[in-house]
Ligand SMILES: Nc1ncnc2c1ncn2[C@@H]1O[C@H](COP(=O)(O)OP(=O)(O)OP(=O)(O)O)[C@@H](O)[C@H]1O
Ligand SMILES: [Mg+2]
């Protein structure tokens, strides 16, 4: 039986073959990862990105996460972009469903694993668009095909920006306020709650925190919106405590972000 990756070799598409092979050879990406990530339909999506000249080739893997893999890809104009591929084979179906159900933007899909992953990718893309529209620092979305999302690469010289958790923040009170203000603008203008906000999902680039990983972000009318917002605030507060700064109370921050107290919003 031939795996999807053999199928890649058998296809006469030299461009697609080169686009992935050179990364595998140069960066020693193991066979299991390749087979898990680059299934047949993902290869078709990448082929489309190449023929539409959105990307030219995949350069190297940046990260292997719970649900997706992020790669640095190069455009035909030699500009780096981030390529996020949600794995269909290892998708955590139950986790994803919780954040998709209750979102009126994603009501009409069948509930196969593949459909959920495609809806999740579309959700991350739309959420990034909303952030972009409201000028909240985050990667600009470029294109989405099925489970593959292309977005602005955040970093310098093909080196991804560090995560907030790996940075010694030079001015913690300022960065804390910036993040709370992002949450406020997100809530008031984009109607969104990140829902997995933590120093693992914030990049720090040019002295600016940049929000990433928007797949699970929900609209503020989601049934668990209040719970998610409270959790996000609490996670950020807890993290900044290490800098011994005044992180105020969760309730006060909740009011600042929503202009309501918790009781009023449940
Ligand atoms: N636009 C981007 N530019 C540069 N690096 C990025 C970009 N998006 C994601 N990354 C890198 O890829 C990693 C994983 O991205 P993200 O958090 O969106 O995916 P994930 O599937 O949730 O992964 P995890 O399970 O590790 O959280 C990030 O921690 C970051 O290092
Ligand atoms: Mg993440």
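Numbering (this note's numbering), first residue to last: 173 to 438. Note that CB positions come from ideal geometry on N, CA and C, so glycine has one too.
Identity of the residues DSSP links to residue i by a beta bridge
i: residue 315; result: 322
i: residue 443; result: Past the boundaries of the shown model lies residue 443; the chain is included only from 173 to 438, so the question cannot be answered.
i: residue 335; result: 375
i: residue 327; result: 332
i: residue 240; result: 258
i: residue 341; result: Per DSSP, none; premise fails for residue 341.
i: residue 391; result: 364
Of the listed residues the options, nearest to residue i (C-alpha basis)
i: residue 329; options: 322, 189, 250; result: 250
i: residue 420; options: 348, 357, 227, 207; result: 348
i: residue 314; options: 252, 404, 415; result: 252
i: residue 200; options: 186, 335, 231, 380; result: 231
i: residue 355; options: 307, 339, 268, 377; result: 307
i: residue 389; options: 248, 295, 357, 350; result: 295
Rounded C-alpha distance that separates residue i from residue j
i: residue 183; j: residue 284; result: Confidence at residue 183 is low in this model, with a pLDDT of 47, below 50, so the placement of that residue should be treated as unreliable; the coordinate-derived value is given next. Looking at the two C-alpha atoms, the distance is approximately 27 Å.
i: residue 260; j: residue 418; result: 43 Å
i: residue 325; j: residue 397; result: 29 Å
i: residue 173; j: residue 204; result: Interpretation of residue 173 is limited by its pLDDT of 39, a score under 50 that renders its predicted location unreliable; the figure taken from the coordinates is listed afterwards. C-alpha separation (whole angstroms): 16 Å.
i: residue 422; j: residue 190; result: 51 Å
i: residue 424; j: residue 334; result: 30 Å
i: residue 297; j: residue 310; result: 11 Å
i: residue 272; j: residue 305; result: 22 Å
i: residue 274; j: residue 198; result: 43 Å
i: residue 243; j: residue 278; result: 27 Å
i: residue 215; j: residue 292; result: 18 Å
i: residue 246; j: residue 235; result: 16 Å
Pair within 8 Å by beta-carbon distance, residue i and residue j
i: residue 386; j: residue 303; result: yes
i: residue 255; j: residue 209; result: no
i: residue 426; j: residue 405; result: yes
i: residue 412; j: residue 367; result: no
i: residue 359; j: residue 429; result: yes
i: residue 392; j: residue 363; result: yes
Contact set, ligand 4 heavy atom to C-beta under 5 Å: Within the structure as shown, ligand 4 is missing, the only ligands being ligand 1 and ligand 2.
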